[in-house]
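One structure below.
2 protein chains.
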Amino acid sequence: MTTRERLISTAAQLFRAQGYHATGIAEVLAAARVPKGSLYHHFPAGKADLARAAADFIAEVMLRIVDDAFLPAPSWQHGVATFCHKLAKLFERREKASACPISALLFDGPEEADFRAHAEATFARLIAAMAAHARRLGVEDADGAAELLLVAIEGGWTLARTRRNADVLRRLASRLFP
Amino acid sequence: MTTRERLISTAAQLFRAQGYHATGIAEVLAAARVPKGSLYHHFPAGKADLARAAADFIAEVMLRIVDDAFLPAPSWQHGVATFCHKLAKLFERREKASACPISALLFDGPEEADFRAHAEATFARLIAAMAAHARRLGVEDADGAAELLLVAIEGGWTLARTRRNADVLRRLASRLFP
DNA sequence: TCAACAATAGACCAGTCGGTCTAGTCATTC
DNA sequence: GAATGACTAGACCGACTGGTCTATTGTTGA
Numbered sequence: 001m002t003t004r005e006r007l008i009s010t011a012a013q014l015f016r017a018q019g020y021h022a023t024g025i026a027e028v029l030a031a032a033r034v035p036k037g038s039l040y041h042h043f044p045a046g047k048a049d050l051a052r053a054a055a056d057f058i059a060e061v062m063l064r065i066v067d068d069a070f071l072p073a074p075s076w077q078h079g080v081a082t083f084c085h086k087l088a089k090l091f092e093r094r095e096k097a098s099a100c101p102i103s104a105l106l107f108d109g110p111e112e113a114d115f116r117a118h119a120e121a122t123f124a125r126l127i128a129a130m131a132a133h134a135r136r137l138g139v140e141d142a143d144g145a146a147e148l149l150l151v152a153i154e155g156g157w158t159l160a161r162t163r164r165n166a167d168v169l170r171r172l173a174s175r176l177f178p
Numbered sequence: 001m002t003t004r005e006r007l008i009s010t011a012a013q014l015f016r017a018q019g020y021h022a023t024g025i026a027e028v029l030a031a032a033r034v035p036k037g038s039l040y041h042h043f044p045a046g047k048a049d050l051a052r053a054a055a056d057f058i059a060e061v062m063l064r065i066v067d068d069a070f071l072p073a074p075s076w077q078h079g080v081a082t083f084c085h086k087l088a089k090l091f092e093r094r095e096k097a098s099a100c101p102i103s104a105l106l107f108d109g110p111e112e113a114d115f116r117a118h119a120e121a122t123f124a125r126l127i128a129a130m131a132a133h134a135r136r137l138g139v140e141d142a143d144g145a146a147e148l149l150l151v152a153i154e155g156g157w158t159l160a161r162t163r164r165n166a167d168v169l170r171r172l173a174s175r176l177f178p
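Residue numbers (our numbering), protein chains in the order written: chain A, 1 to 178; chain B, 1 to 178.
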């Protein structure tokens, strides 16, 4: 793993667990065991630059989980169930204390201006990916279903986090699209 | 409005808009036009103390919105629709840039320990209030319905915030309990 | 009128923040 | 084997953080 990759994944982890502003650069550098000079070599704009890279990194992970869940699914309902269970497992593996992978980094970022737009685009990509699967699987209102699913897992993750318990994510599937 | 009240509502507003760590005490004091001494008189434990008070303040507001929406409702569906529209209006009034009233303050709070438990209790109170209305209105799985509603508005608010548009909140009602 | 206490007021402090800067290391060139 | 440039390394800096402290003002009851 290169220095750059180590920086990104460490930052993603810490930003999600503690928030952007609550995480100091020194903390990231210590956890990744990278000196300050290297950070500003790879990310000249500093912390904000690093956060953007971390956000993109996480977005890619999420998109892959969506595809992994829906590609082999025989129906939208099956896909949703698989997706929710995958998220619950991810949550339990090592994310209990972390914010939703999608929004965490993108929110209390530096002076929203740029970051909010980035978050909006990332959400749109995720919804589009889900909607494509929904359409392929014969769902009537594919866009509506995708948006509802995103909203639910977003809120579900938040509730799971406060409870330190992923059960609510598992219950979502059968309740959303019975 | 007393100094104490002005501190709480100003803090609630700023913490929600920017996050706990991104908001400095000096900023709160300037916005509320309160000198530092007064803050530490009313909240001896400082920023964390103030955040707790602000969180409770917001929780009360949310509970009242729930009751206002469901008490006069002839059915669960009607109540949910009213509730979602009330939230959308609240969002549009002056909250476009703020995080979900419920979770915002409670999350990136100081060293989770105490704050996470507080958030969990607040969510539980809200779900309990919704579930009571659901039961009264003859919903079969009242607890499940309440939890689903909370999850949805939580995620819906987040998505609305990134889009700066409350439409997704309005669409929730008809999609959740058709 | 005067204690007594609540509340206001802001100067001040140590610690930490993100960021800059210079020096040094290493692999890859010719 | 010297030169080059990507990268590592960390000392250092001004700005700002949350919090403390002392002084002052306002209000109340005797």
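Each residue gets a CB set at the ideal place from its N, CA and C atoms; glycine is no exception.
Please read these numbers as outputs of a predicted model, since none were measured by experiment.
- For the set 178/A, 174/A and 23/A, the Cα lying nearest the Cα of residue 98/A is the one of 23/A.
- Scanning the segment 47 to 126 of chain A from its first residue to its last, the whole alpha helix (DSSP H) runs of 4-plus residues come out as 47 to 70, 76 to 94 and 104 to 107.
- When DSSP states are grouped into helix, strand and coil, residue 29/A belongs to the helix group.
- Residue 21/A carries a coil assignment under DSSP once its states are collapsed to helix, strand and coil.
- In this structure residue 94/A is exposed. Its beta-carbon is surrounded by fewer than 16 other beta-carbon atoms within 10 angstroms.
- Distance from residue 42/A to residue 14/A at the Cβ level is roughly 17 angstroms; contact not present, criterion being Cβ atoms closer than 8 angstroms.
- Secondary structure note for residue 175/B: its alpha helix (DSSP H) is the uninterrupted segment 167 to 176.
- Taking C-alpha positions only, residue 55/B is separated from residue 20/A by approximately 20 angstroms.
- Annotated three-state conformation of residue 34/A is coil, per DSSP.
- Residues of chain A with a Cβ closer than 7 angstroms to the Cβ of residue 158/B are, in chain order, 103 and 154.
- Taking a cut-off of 8 angstroms for Cβ pairs, the segment 124 to 134 of chain B and the segment 123 to 135 of chain A do not touch, as fewer than three such pairs fall below it.
- Listed along chain B, the residues sitting closer than 7 angstroms to residue 162/A by beta-carbon distance are 116, 119, 120 and 123.
- Proximity to residue 49/B across 172/B, 140/B, 4/B and 148/B peaks at 4/B, based on C-alpha coordinates.
- Here DSSP, grouped into helix, strand and coil, assigns residue 143/B to helix.
- In this structure residue 159/A is buried. Its beta-carbon is surrounded by 16 or more other beta-carbon atoms within 10 angstroms.
- In its chain, beyond the 5 residues on either side, 3 have a beta carbon closer than 7 angstroms to the beta carbon of residue 38/B.
- By the criterion of a C-beta distance shorter than 7 angstroms, residue 52/A is surrounded in its chain by 118, once the five residues flanking it on both sides are discounted.
- Using a 10 angstroms sphere on the CB of residue 149/B, the tally of other CB atoms reaches 16 or more, which defines it as buried.
- In terms of Cα proximity to residue 153/A, the closest of 140/A, 18/A and 86/A is 86/A.
- Here residue 101/A is buried. Its C-beta has 16 or more other C-beta atoms within 10 Å.
- Flagged as an interface residue toward chain B: residue 22/A, by a C-beta distance shorter than 8 angstroms.
- The beta-carbon of residue 175/B is placed less than 8 angstroms from the nearest beta-carbon of chain A.
- The Cβ-Cβ distance between residue 80/B and residue 173/B falls below 8 angstroms.
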